[in-house]
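Colleague: One structure follows; several queries about it will come next.
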Amino acid sequence: MIDLLRRYPLPVIVLAQLFGTSLWFSINGVWLSLSRELGLTETDLGRLTLAVQAGFIAGTLTIAVTGLADRFGASRIFALSSLLGAVVNGGFVVAAGWPPVDFLLRFATGLCLAGIYPLGMKMVIAWTPKYAGAALAWLVGMLTLGTALPHMMRGATQGMPWEWPLMAASCLALAGGLLVFLLGDGPHLPKSSGRLPLSQGLAALRIPRFRAVAGGYFGHMWELYAFWTLTPLLIGRELQRLGQGDALVPWLSFAVIGIGAAGCVGGGRLSRTLGSEWVARRALMVSGAVCLLYPWLSGMPPIFLIALLLVWGVAVIADSPQFSALAAETAPRESVGSSLAVMNAVGFGLTLPAIWLTSGLWGQLGAWVVLVLVPGPVLGLWSLGRKPSTPERS
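Each number in our numbering corresponds to the 1-based position in the sequence shown with 138 added.
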């Protein structure tokens, strides 16, 4: 069994990533049931989604600064994080609607995800260093599909208690952790200096080329997670206009978010010939254009708007692995890890106000709230436009 897993390490890591990240938006997939049964509002949805994001940021910085990923094997941290994530996600079943316990459990879920997503990246490099760029596109694609998975699980359990999809996500996380534990750390584990001063990561921002790429990434992140949070609300609006019930909301939400995996993989292939920057620019342009036009087109036929959301779902994430690749190219060689850690932490930090604003204003503005996200791709494109053409490294 172990020999078979080690013969195909990338599919194993990608599958484990898919299973583990199903914890990320597990409650978003059952939100309509939660709001009906427990009287929760869109503001509560934003609050609980923010908790996961904050936990992920705290966990990522803790792992980076303490050097935990270098003291212990990446596969062990991944497996332990999957186990603990499954437990706290299951605990939400009991604590749903009981603030602040529900908030703390979602925060703990975010902490556990910090041991799954970044450690998955490290394991890809450890097992397939020659194909790390292409593998990264697959990995981000699986993060996207894992984010969408709770919506599909809710669609498959229509009429059943909302607790079932949450427990299914916990079971998937356990399976993913077991796969990685059996696989092990890989023969090409990159060396690191252990504890990571944040000043190392911040130093990269003095390099104009890295600063321009980071600015593009920050704009991308302002839009991404807020859009994913709004997706079931936007889908629900269009189905209501069609005179349909809620049964199709989880399936269409899964489609809109999950189709982003195809955007990641397709963008990865295009980047081989056209370059990562070309892909990142075009993805930002498309997602920014849809973001700007969507509310002005809100009177168009619902089928057209659902198709537009699918286009947005592809473009909004296709640039993510390309920004990581560009940042790795432009960061100082001696501090690539710390530079990426700081960039990711700031990027995820920007998702907090974006989610808080859009979820809080949904009740008053409806579809017009997506205009809050427009500055993200606009500023991202502006920042990329300032990038020097010649690579600079310190």
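Ideal placement from N, C-alpha and C gives every residue a C-beta, glycine not left out.
Note that the structure is a prediction, hence the values are computed from the model and not measured.
Which residues mark the beginning and the end of the alpha helix (DSSP H) in which Gln191 is found?
Modeller: Taken as a continuous stretch (DSSP letters only), the alpha helix (DSSP H) holding Gln191 covers Glu180 to Thr204.
Colleague: Considering just the uninterrupted stretch of the alpha helix (DSSP H) at Ala421, what are its terminal residues?
Modeller: First-last of the alpha helix (DSSP H) with Ala421: Ser414 to Leu431.
Colleague: So is Phe365 buried or exposed if we call it buried at 16+ other beta carbons inside 10 Å?
Modeller: With 16 or more other Cβ atoms within 10 Å, it is buried.
Colleague: CA-CA distance, Ala307 and Gly223?
Modeller: One C-alpha to the other measures close to 10 Å.
Colleague: Where Ser532 and Pro470 are concerned, what is the direct C-alpha to C-alpha distance, given to the nearest angstrom?
Modeller: Because the pLDDT at Ser532 is just 42, under 50, the model does not fix this residue reliably, and the point stays unresolved.
Colleague: By DSSP, does Met298 sit in helix, in strand, or in coil?
Modeller: DSSP places Met298 in coil when its eight states are reduced to three.
Colleague: Considering Cα atoms alone, identify which of Phe442, Trp450, Arg419 and Ala385 is closest to Cys554.
Modeller: Because the chain spans 139 through 532 in this model, residue 554 falls outside it and cannot be assessed.
Colleague: Which of helix, strand or coil does DSSP assign to Ser219?
Modeller: Three-state DSSP puts Ser219 in a helix.
Colleague: In whole angstroms, give me the CA-to-CA distance for Leu495 and Val510.
Modeller: Going by the C-alpha atoms only, they are around 8 Å apart.
Colleague: Leaving out five residues on either side along the sequence, give the residues of the same chain with a beta carbon under 7 Å from the beta carbon of Phe194.
Modeller: Taken in chain order, the residues that qualify are Gly248, Leu251, Ala252 and Phe486.
Colleague: Give every residue of the same chain whose Cβ lies closer than 6 Å to the Cβ of Ala453, excluding the five residues on either side of it in the sequence, and list them in chain order.
Modeller: Within the same chain, Ala453 has close Cβ partners Ala421, Val424 and Ser425.
Colleague: Return yes when the Cβ of Leu281 is within less than 7 Å of the Cβ of Thr159, no when it is not.
Modeller: In this structure, Leu281 lies closer than 7 Å to Thr159 by Cβ.
Colleague: Given Val507, which residues of its chain have a CB within under 6 Å of its CB, disregarding the five upstream and five downstream residues?
Modeller: Within the same chain, Val507 has close Cβ partners Thr496, Leu499 and Trp500.
Colleague: Straight-line CA distance for Leu503 to Ser436?
Modeller: One C-alpha to the other measures close to 12 Å.
Colleague: Throw me the rounded Cβ distance for the Met259 and Leu274 pair, which I believe falls under 8 Å.
Modeller: About 7 Å separates the two Cβ atoms, so the contact holds.
Colleague: Does the separation of the CB atoms of Ala483 and Thr204 fall below 7 Å?
Modeller: No.
Colleague: Ordered along the chain, which non-local residues of its own chain (more than five positions away) have a Cβ less than 7 Å from that of Ala246?
Modeller: Result list for Ala246: Gly193 and Val226, in chain order.
Colleague: Can you tell me whether Asp240 is buried or exposed, with buried defined as 16 or more other CB within 10 angstroms of its CB?
Modeller: So Asp240 counts as buried.
Colleague: Answer yes if the segment 518-526 comes into contact with the segment 390-399, meaning at least three C-beta pairs across the two stretches below 8 Å, and no otherwise.
Modeller: With the cut-off at 8 Å, the segment 390-399 and the segment 518-526 do not touch.
Colleague: To the nearest angstrom, how far is it from the Cα of Trp300 to the Cα of Leu186?
Modeller: Spanning the two alpha carbons is a distance of roughly 16 Å.
Colleague: Mind checking whether Val351 and Ala217 have CB atoms under 7 Å apart?
Modeller: Not in contact: Val351 and Ala217 (Cβ atoms no closer than 7 Å).
Colleague: Under a three-way DSSP split, which group does Gln460 fall into?
Modeller: Residue state, collapsed to three classes: helix.
Colleague: According to DSSP, simplified to helix, strand and coil, what is Ser331?
Modeller: Because Ser331 sits at a pLDDT of 48, beneath the cut-off of 50, its placement in the model cannot be relied upon, and the following sentence gives the value as read from the coordinates. Coil, per DSSP.
Colleague: Would you call Gln460 buried or exposed, if buried means 16 or more other Cβ atoms sit within 10 Å of its Cβ?
Modeller: Its Cβ being crowded by 16 or more others within 10 Å, Gln460 is buried.
Colleague: Residues in the same chain with beta-carbon distance under 7 Å from Leu488, minus the five sequence neighbours each way, listed in chain order, please.
Modeller: Within the same chain, Leu488 has close Cβ partners Phe356, Met359 and Trp360.
Colleague: Measuring straight from C-alpha to C-alpha, what distance separates Ala518 and Val417?
Modeller: Rather than Ala, the amino acid found at residue 518 in this sequence is Gly. Cα to Cα, the separation comes out at about 13 Å.
Colleague: Output yes or no for whether 7 Å exceeds the beta carbon distance between Ala256 and Val168.
Modeller: A quick correction: the sequence has Pro, not Ala, at residue 256. Cβ distance not < 7 Å, so Pro256 and Val168 don't count as in contact.
Colleague: With distances taken from CA atoms, which of Phe210, Val231 and Gly396 is nearest Glu175?
Modeller: Minimum Cα distance to Glu175 is reached at Val231.
Colleague: Using 8 Å for Cβ pairs, my map puts Gly228 next to Met139. What's the rounded Cβ distance?
Modeller: Contact doesn't hold; Cβ gap of about 27 Å is too wide.
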